[in-house]
Structure formats: structure tokens, C-alpha cells
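Just so we're on the same page, my numbering is the position in the sequence shown counted from 1, plus 1151. Even for Gly, the Cβ is constructed at its ideal location relative to N, Cα and C. One structure below.
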Amino acid sequence: MTRSSFRWIGATLTVLLLLLAGCAESDDAADPGATGPAGEATVAGTGVPGGDGTATAGAATEAGEATDTEGATDTSGEEGPIRMGAVLDITGPGANLGGPERDTLQLLAEQINAAGGVDGREVELDIRDNQSREDEAATQLTSLLQEEVDIILGASRTGPSLAMRPLAEQAAIPMISLAANQAIVDGSEWVFKTAQNDRVVVEKIVAYMQTQDWQTLGLVRDASAFGEGVADLFRDVSGDADIVAVEERFATDATEFTAQMLSLRSAGADVNVIWGIPPAAATATQAYRDLGLDIPLMHSHGIGNQVFLEVAGPAAEGVVFPIGRLLVADELGDDDPQKEVITTFVADYADAYGAPPSTFAGHAYDAFQLAVQAFGEVGTDPAAVRDYLETAELTGISGVFRMTPEDHSGLTSDALVIVEVADGDWTLAADQPDGS
């Protein structure tokens, strides 16, 4: 048998257990979709809108700083294409995350292949749609493992990523998630991630609260794994057991928020926080304004795309939240180490797709660059790639990554700035906590 045959047999048994557990999430939302550069189909992979079969697509610009190459593995003897598999939330509630991530991977793959590939090896990209469901994420990953891909990228959200983690670990294949919850990587030897951890987001919110002299918050959060444990993080980070005055939940596909907003009004906290992704987070913002709540409103970093602004409309005005620097690229100083990387990516993406990239597209960019950097330094041996990623450094879109064996995210709260919605657009907030 080949090197992966034994691994994916074990992974298949694991996915069957996940399927029996019935961990599916709602898949009601539509794929916003997009065509690739020059109007070509953008997705290669089974079941993904915009593509059919497994096609060649490719990956990466020269942006991003590699770690010291001294002692790098000699990869000159390796031949054949590098196979990158991705499992993304392309349809369902996470579609406005997975769609831009898919498009980013396609764009970068085409760029790197046009430049000669990785050490002359072409990058083959196989993207699968998990339909924003945990069970489908596990199913698609199992299929990719049977195809013997060299690395896994995804999923877009926390729940599907957590469903994929044990399969990647069982197969001993590196996986780079694009989702936020720290549980995705905690204690894992094989799983990494590029979205800023929920903990560092909470740290930035608490720091901003201190600049405003706010002591308490009301929390309305996504009931999925993305929002799980957030209230406890606020208590832990702040050192204040009473910082969360009230906690309410909503489904990822919720459209009615009156009860949650009435609860916030009754709690009378200094600030309220909605923790979720569009469209639900945007609809919740509309409900907040419709009920006349005049308490300051913050969000998590889950709203960093145009969908939020379009759905929330005027209700988004004044919303404040921590996010990576991509949304405010034109306000970055020339001394910002990320400026060149971000502005180049924004221009390339807009040229290819006719629209600016979202912060979620940036998570895919970073995952792709980390993978390509590893392949260029150590080849495609899974253990060598894993070992390389554990000390990788990259100036990316989501921040300046410094991975360690103990920290498979590699970002601190310094990767975030406070952004405000003003006149229907993103702008740097006037008050920035130290380190922003």
C-alpha cells in the first residue's frame, strides 16, 4: 500500500463515528459564488459549484517572509505535482466565508503555477464543499485523504474544522484551518490555523473597553462552535467574573432576534457584543437598532466582509470591532510591515474578481502561503512539513505569524486593530488600544 493507505482506513472509521453522531449543521444559505480570473470556472473538486473533477490551479505570490532557510531539506529529488486539498464552507450558512476563500486559493494557485510552481513542481488544488456541515466536512476530508493530498486547508468555520481535526491527526497529514476557535489547534501535533484566535479577539475587545471605561457587557452569540466558550473567555481575560451581564444565543441561520435584544436592554450593560457571522450577525444588528437600543455596540471579527455592510445597511453605522488590517489597508502607514503584502493582495484580487477581498479571503491567503513556504523548504514529507510549520514565520494578511510548537496559530492581539463602520464603510476607530 502507499504511504496514506493505512492512514485513511483509520480516518474512514473515524468519520463514520462522526456521521453516526449526527453533527450536521444547517445548510440553508446560498453560495454567493464567483467566477475565477478571466471568467474561468473557479473550483476544482468534487461537488463544488464552479468546477468539475480535479483540475490544476495554483498558488502564491512572493509576499510573506520566510524563516531562515539554513538547514533546509534538500527537495531536489522530489518529483510530480504538489497536491493541496481544501474543504471549505462554500454553500450553507458559511458561504460568505468559503466563497472568497475558494477564489483566493484559485488565484494564488494560478499565480504560482504561472511562475513555475514550487521548485518546478506544479500545484494541483482540489477544493471540496462541506455545505457548512460538520458531517460533510468529515466526508470530504476522508475522500481527499484517499486521494493522498499533501496538505489540507480548511474548514472556513470552527464546527467543520473541529470535525476534520481527528481525521487529519489519524492520517498524520498537516492541516491548516481558516477558522477562529482556539480549540481547533489546542494540543494538536498536526493542525494549524490562520484566523486570529477567539482569545486574542476577546483580549482586544477588553482592551478597547478599558479605553472607554466600560465595565460590563451584554453578549449575544452564535450558538455554533464559533461562539462556544466566549463568555468564559471574557471572564478569564478580564479577571472579572461579573463582566458578562447577560449571555444569549442565536442559530447560525436565525432571522428573528427580538427576544435576545430585549434581554440586552433589560441587562443594562455598558456595551453590548454580537458574536457571529453574516447574514445572521447583520440581521441581529438591524434588530438591535430597530428596538432603539442606544448602548454602544461591538462585534467580533466575524463580520469582516461586504455582506455585513449590505445586509445591516444603515444599522451598521457606529459598530466597532477588532479585525485584521486588510479592511483598512488604505489607512496603513508606510512603516506597517503588512502594508505591502496586503495592498498587493487587494489589487490582485480586485483585478481578478472585480471586488475587494474580505478578511476571510485573507485567512485563505495566509494558509496557502504557509503551505507553499513549507513545501519550498522541506518538500512534501508530512512530518517534515509539520515540523517546519511549528516554527514558521510569515508576514501575511491576518497578521505577522510566529508559530511555535506550543502555539499553532502564531498571532497575538497585535494582529488586530479596532475598526468602526462610518458612512457605510470601514475606518480605523479613533481610539486604539496599546499594541494596535
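> Measuring CA to CA, which of 1331, 1422 and 1334 is closest to residue 1362?
Replying inline: Locating residue 1362 in the sequence shown gives position 211, counting from the first residue. Closest option to residue 1362, Cα to Cα, is 1422.
> Exposed or buried, which one is residue 1469 when buried takes at least 16 other CB atoms within 10 Å?
Replying inline: Residue mapping note: residue 1469 aligns to position 318 of the sequence shown, counting from 1. It is exposed - the Cβ of residue 1469 has fewer than 16 other Cβ atoms within 10 Å.
> Under 8 Å between the Cβ atoms of residue 1511 and residue 1307?
Replying inline: In the sequence shown, counting from the first residue as 1, residue 1511 sits at position 360. In the sequence shown, counting from the first residue as 1, residue 1307 sits at position 156. A contact, by the Cβ cut-off of 8 Å.
>> Using the Cβ count rule (16 or more neighbours within 10 Å means buried), how would you classify residue 1417?
In response: Walking along the sequence shown from the start, residue 1417 turns up at place 266. Per the 10 Å Cβ criterion, exposed.
>> Which of the three DSSP states is assigned to residue 1277 in this structure?
In response: Indexing the sequence shown from 1 puts residue 1277 at position 126. Of the three classes helix, strand and coil, the one that applies to residue 1277 here is strand, per DSSP.
> What is the C-beta distance between residue 1289 and residue 1312, in whole angstroms, given that I count them as a contact (C-beta under 8 Å)?
Replying inline: Start at 1 with the first residue of the sequence shown, and residue 1289 comes out as number 138. Start at 1 with the first residue of the sequence shown, and residue 1312 comes out as number 161. Wrong, their Cβ atoms sit about 11 Å apart, outside the cutoff.
>> Can you tell me whether residue 1502 is helix, strand or coil according to DSSP?
In response: If you number the sequence shown from 1, residue 1502 lands on position 351. In this structure, residue 1502 counts as helix in the three-state DSSP scheme.
>> Please state the DSSP three-state secondary structure of residue 1376.
In response: The sequence position of residue 1376 within the sequence shown is 225, counting from 1. Coil at residue 1376, not helix or strand.
>> By the DSSP assignment, the alpha helix (DSSP H) with residue 1356 in it spans what residues?
In response: Working through the sequence shown from its first residue, we reach residue 1356 at position 205. First-last of the alpha helix (DSSP H) with residue 1356: 1349 to 1363.
>> If distances are taken between C-alpha atoms only, which option among 1373, 1458, 1419 and 1335 comes closest to residue 1577?
In response: Indexing the sequence shown from 1 puts residue 1577 at position 426. The shortest C-alpha separation from residue 1577 is found at 1458.
> For residue 1408 versus residue 1438, is the C-beta spacing smaller than 8 Å?
Replying inline: Numbered from 1 along the sequence shown, position 257 holds the residue referred to as residue 1408. Numbered from 1 along the sequence shown, position 287 holds the residue referred to as residue 1438. Residue 1408 is a Cβ neighbour of residue 1438, given a cutoff of 8 Å.
>> Can you tell me where the beta strand (DSSP E) holding residue 1449 begins and where it ends?
In response: Mapped onto the sequence shown, residue 1449 falls at position 298. That run of the beta strand (DSSP E) goes 1448 to 1450.
> Taking the alpha-carbon positions, what's the residue 1296 to residue 1238 distance?
Replying inline: For the purposes of this step, residue 1296 is identified with residue 145 of the sequence shown, where counting begins at 1. For the purposes of this step, residue 1238 is identified with residue 87 of the sequence shown, where counting begins at 1. About 11 Å.
> First and last residue of the beta strand (DSSP E) that includes residue 1290?
Replying inline: Taking the sequence shown and counting its residues from 1, one reaches residue 1290 at position 139. Element bounds for residue 1290: not the beta strand (DSSP E) but the alpha helix (DSSP H), 1285 to 1297.
>> Less than 6 Å between C-beta atoms, sequence neighbours within five positions excluded: which residues of the same chain meet that for residue 1490?
In response: As a position in the sequence shown, residue 1490 is number 339, starting the count at 1. The residues are 1483.
> Taking contact to mean at least 3 C-beta pairs separated by less than 8 Å, is the segment 1354 to 1374 in contact with the segment 1397 to 1407?
Replying inline: The segment 1354 to 1374 and the segment 1397 to 1407 touch, with no fewer than 3 CB-CB distances between them shorter than 8 Å.
> Terminal residues of the continuous beta strand (DSSP E) containing residue 1234?
Replying inline: Position 83 of the sequence shown holds residue 1234. Per DSSP, residue 1234 belongs to the beta strand (DSSP E) from 1233 to 1239.
> Grouping DSSP H, G and I as helix and E and B as strand, with all else coil, what is residue 1307?
Replying inline: Taking the first residue of the sequence shown as position 1, residue 1307 is located at position 156. Under the three-state reduction of DSSP, residue 1307 is assigned to coil, being neither helix nor strand.
>> I need the straight-line Cα distance from residue 1493 to residue 1293, nearest angstrom please.
In response: The residue labelled residue 1493 in the question sits at position 342 within the sequence shown. The residue labelled residue 1293 in the question sits at position 142 within the sequence shown. Distance between the alpha carbons of residue 1493 and residue 1293 is about 34 Å.
> residue 1467 by DSSP, collapsed to three states: which one?
Replying inline: Translated into positions along the sequence shown, residue 1467 becomes position 316. When DSSP states are grouped into helix, strand and coil, residue 1467 belongs to the helix group.
>> Using CA atoms only, rank isn't needed, just tell me which of 1570, 1258 and 1575 is closest to residue 1582.
In response: Counting from one through the sequence shown, the residue named residue 1582 turns up at place 431. Selected option, being the one with the closest Cα: 1570.
> What are the partner residues of residue 1553, as DSSP defines its beta bridges?
Replying inline: The residue you call residue 1553 lines up with position 402 of the sequence shown. Residue 1553 is bridged to 1544.
> In chain order, what residues of the same chain lie with their CB nearer than 7 Å to the CB of residue 1386, ignoring the 5 residues before and after it?
Replying inline: Taking the sequence shown and counting its residues from 1, one reaches residue 1386 at position 235. Cβ within range, chain order: 1392, 1394 and 1395.
> In chain order, what residues of the same chain have a beta carbon less than 7 Å from the beta carbon of residue 1414, not counting five sequence neighbours either side?
Replying inline: In the sequence shown, the residue the question calls residue 1414 occupies position 263. These residues qualify, in order along the chain: 1397 and 1399.
>> Between the alpha carbons of residue 1338 and residue 1557, how many angstroms are there, rounded?
In response: Within the sequence shown, residue 1338 is the residue found at index 187, counting from 1. Within the sequence shown, residue 1557 is the residue found at index 406, counting from 1. So the two alpha carbons sit approximately 8 Å from each other.
>> Can you tell me whether residue 1394 is helix, strand or coil according to DSSP?
In response: Along the sequence shown, one-based indexing puts residue 1394 at 243. Three-state DSSP puts residue 1394 in coil, outside helix and strand.
> Do you know offhand how far residue 1245's Cα is from residue 1419's?
Replying inline: Residue mapping note: residue 1245 aligns to position 94 of the sequence shown, counting from 1. Residue mapping note: residue 1419 aligns to position 268 of the sequence shown, counting from 1. Cα to Cα, residue 1245 sits roughly 32 Å from residue 1419.
> Going by beta carbon distance, what residues of the same chain come within less than 8 Å of residue 1251, once the five residues before and after it are set aside?
Replying inline: Working through the sequence shown from its first residue, we reach residue 1251 at position 100. The answer, listed in chain order, is 1185, 1456, 1508, 1509, 1511, 1512 and 1515.
>> For residue 1274 and residue 1335, what's the separation of their Cα atoms in angstroms?
In response: For the purposes of this step, residue 1274 is taken as residue 123 along the sequence shown, with counting starting at 1. For the purposes of this step, residue 1335 is taken as residue 184 along the sequence shown, with counting starting at 1. In a straight line, the C-alpha of residue 1274 is about 26 Å away from that of residue 1335.
> Which value, in whole angstroms, describes the spacing of the CA atoms of residue 1561 and residue 1247?
Replying inline: Along the sequence shown, read from residue 1 onward, the residue named residue 1561 stands at position 410. Along the sequence shown, read from residue 1 onward, the residue named residue 1247 stands at position 96. So the alpha carbons of these two residues sit roughly 25 Å apart.
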